[in-house]
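Novice: In the working numbering, the protein residues as written are -10 to 351. Where is the CB? At the ideal position from N, CA and C, for every residue including glycine. One structure coming up, written as structure tokens, with questions to follow.
Rendered as structure tokens:
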């Protein structure tokens, strides 16, 4: 859990790691210990009082020093691991650059996606590719979170098939919901990070083209980013949608449940997904979902949702929005999809697969 810090503790990968740790904890696996950033020590000791919690203390100023940052991160990670008596290290995130340090323990590496080698500039993509190749090459086992990511890893990292195992994410919602003020009575919902690859720009344009613009508001849930401020807000103004779009952020899990449960329609227009939590979460709340067909989404959503393509075609998306609002799926069909996802992506199933993999290695 060393990748979790005060800046990313609300991110989707952090949720993945915490859900996995929760599953281990609920099964009372006393041979599992966790490694956390020093800044998160109190939070995780409170969350897992019966786990042995180790900490890694880092000077984040040194992480920003050119040429020495990688050396510093690896040295700190290796020094910390040398003090922990364990047989295998489950690296549940590919976002801690120190994890490519050479250590004697077996490494199980989870790769969520490879957008880091696709969405940056050429130099950044090459640096990230070198990181992924080294991390995967060191691993005794590589876990991918979808069949799409497995194929991507095989193609770009040259990892043999027998070294890779697909273990799908667990998806679960907290119990209960909490009403929030200012929510429209009828709305279309988007929940995701506000970054270019999530493609909210196409949704904004599609909403502007929809016959239901105005009758249904567009609710956007996601933490404010520079992309939102510099690109999306001007786009909203350009299409004169200021009165029709509601932006929410920093919701509790119970508040997010309420927003999901009361939506008329959920839309994910994403361009890059290693798994795709939010359309599955929305479907588990028995909400109709429209999804792009990019990367892992057809695989992880199992072809059960409403799809449009190409992902950046606002007219195709607007047409699909109008069709679903004109012809909403039956409550029975939505319930069947919700129950299938709850079973297939249960935390118990994910934890058992990881535990079997660890036992086989050690």
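Roughly how far, in whole angstroms, is the beta-carbon of residue 142 from the beta-carbon of residue 125, given that I think they are within contact range, below 8 Å?
Specialist: 7 Å
Novice: Taking only runs of the alpha helix (DSSP H) that begin and end inside the region 202 to 241, which ones reach a length of at least 4 residues, in chain order?
Specialist: 222 to 227
Novice: Going by DSSP in three states, residue 96 sits in which element: helix, strand or coil?
Specialist: strand
Novice: What are the complete beta strand (DSSP E) segments, minimum 3 residues, inside the region 246 to 308?
Specialist: The qualifying runs are 254 to 257 and 278 to 280.
Novice: How do the region 276 to 285 and the region 133 to 141 stand: do at least 3 beta-carbon pairs fall below 8 Å, yes or no?
Specialist: yes
Novice: Work out the CA separation of residue 147 and residue 111 for me, nearest whole Å.
Specialist: Taking the straight line joining both Cα atoms gives about 20 Å.
Novice: To the nearest angstrom, how far is the alpha carbon of residue 3 from that of residue 168?
Specialist: Rounded to whole angstroms, residue 3 and residue 168 show a C-alpha spacing of 25 Å.
Novice: What does DSSP give as the partner residue(s) for residue 80 in the beta ladder?
Specialist: 98
Novice: Does residue 350 pass the burial test, meaning 16 or more other C-beta atoms within 10 Å, or should it be called exposed?
Specialist: exposed
Novice: Hey, residue 209 and residue 235 are a contact pair by Cβ (cut 8 Å); roughly how many whole angstroms apart?
Specialist: 7 Å
Novice: Answer yes or no: do residue 199 and residue 311 have a C-beta to C-beta separation smaller than 7 Å?
Specialist: yes
Novice: Under a Cβ-count criterion, where at least 16 other Cβ atoms within 10 Å of its own Cβ denotes burial, should residue 100 be classed as buried or exposed?
Specialist: By the neighbour-count definition (other C-beta atoms within 10 Å, threshold 16), residue 100 is a buried residue.
Novice: Under 7 Å, do residue 255 and residue 243 count as touching if we go by C-beta distance?
Specialist: Contact flag unset, no.
Novice: Could you tell me the distance, in whole angstroms, from the CA atom of residue 158 to the CA atom of residue -10?
Specialist: 16 Å
Novice: Residues in its own chain within less than 7 Å of residue 13 by CB, not counting five upstream and five downstream?
Specialist: 21 and 340
Novice: Sort out for me which residues DSSP pairs residue 24 with in a bridge.
Specialist: 43
Novice: How far does the alpha helix (DSSP H) with residue 184 in it extend, from its first residue to its last?
Specialist: Segment: none, residue 184 is in no alpha helix (DSSP H) and carries neither H nor E.
Novice: Would DSSP call residue 69 helix, strand or coil?
Specialist: Looking at residue 69 - three-state DSSP - the assignment turns out to be helix.
Novice: Can you tell me whether residue 262 is buried or exposed? The criterion is at least 16 other CB atoms within 10 Å of its CB, across all chains shown.
Specialist: buried
Novice: Within this structure, are the beta carbons of residue 89 and residue 140 separated by less than 7 Å?
Specialist: no
Novice: Exposed or buried, what is residue 86 when buried is set at 16 or more other beta-carbons lying within 10 Å of its beta-carbon?
Specialist: buried
Novice: Under 8 Å, with one C-beta from each stretch per pair, do the region 220 to 233 and the region 182 to 202 reach the 3-pair mark?
Specialist: yes
Novice: Less than 7 Å between C-beta atoms, sequence neighbours within five positions excluded: which residues of the same chain meet that for residue 334?
Specialist: Cβ neighbours of residue 334 within its own chain (closer than 7 Å, five residues either side excluded): 157, 158, 159, 160 and 269.
Novice: Measure the C-alpha to C-alpha separation of residue 30 and residue 67 and round it to an integer number of angstroms.
Specialist: Linking residue 30 to residue 67 through their CA atoms gives a straight-line distance of about 19 Å.
Novice: State the start and end residues of the unbroken alpha helix (DSSP H) segment that holds residue 3.
Specialist: 1 to 15
Novice: For the region 180 to 192 and the region 203 to 223, state whether three or more C-beta atom pairs, one from each stretch, are separated by less than 8 Å.
Specialist: yes
Novice: Going by CA-CA distance only, name the one from 325, 61 and 10 that's closest to residue 34.
Specialist: 10
Novice: Beta-carbon separation of residue 203 and residue 251 under 7 Å?
Specialist: No, they are not a contact pair.
Novice: Just the C-alpha distance for residue 19 and residue 37, rounded to the nearest angstrom, thanks.
Specialist: 11 Å
Novice: Just curious, the alpha helix (DSSP H) that residue 327 is in, first and last residue?
Specialist: It spans 320 to 333 - the alpha helix (DSSP H) in which residue 327 sits, taken as one unbroken run.
Novice: Determine the direct distance from the alpha carbon of residue 264 to that of residue 185, and round the result to whole angstroms.
Specialist: Taking the straight line from one Cα to the other gives about 17 Å.
Novice: If distances are taken between C-alpha atoms only, which option among 314, 120 and 61 comes closest to residue 176?
Specialist: 314
Novice: Along the chain, where does the beta strand (DSSP E) containing residue 133 start, and where does it finish?
Specialist: 130 to 133
Novice: In the region 143 to 171, which residue ranges form an unbroken beta strand (DSSP E) of at least 3 residues, counting only runs that do not cross its ends?
Specialist: Listed in chain order, they are 153 to 155.
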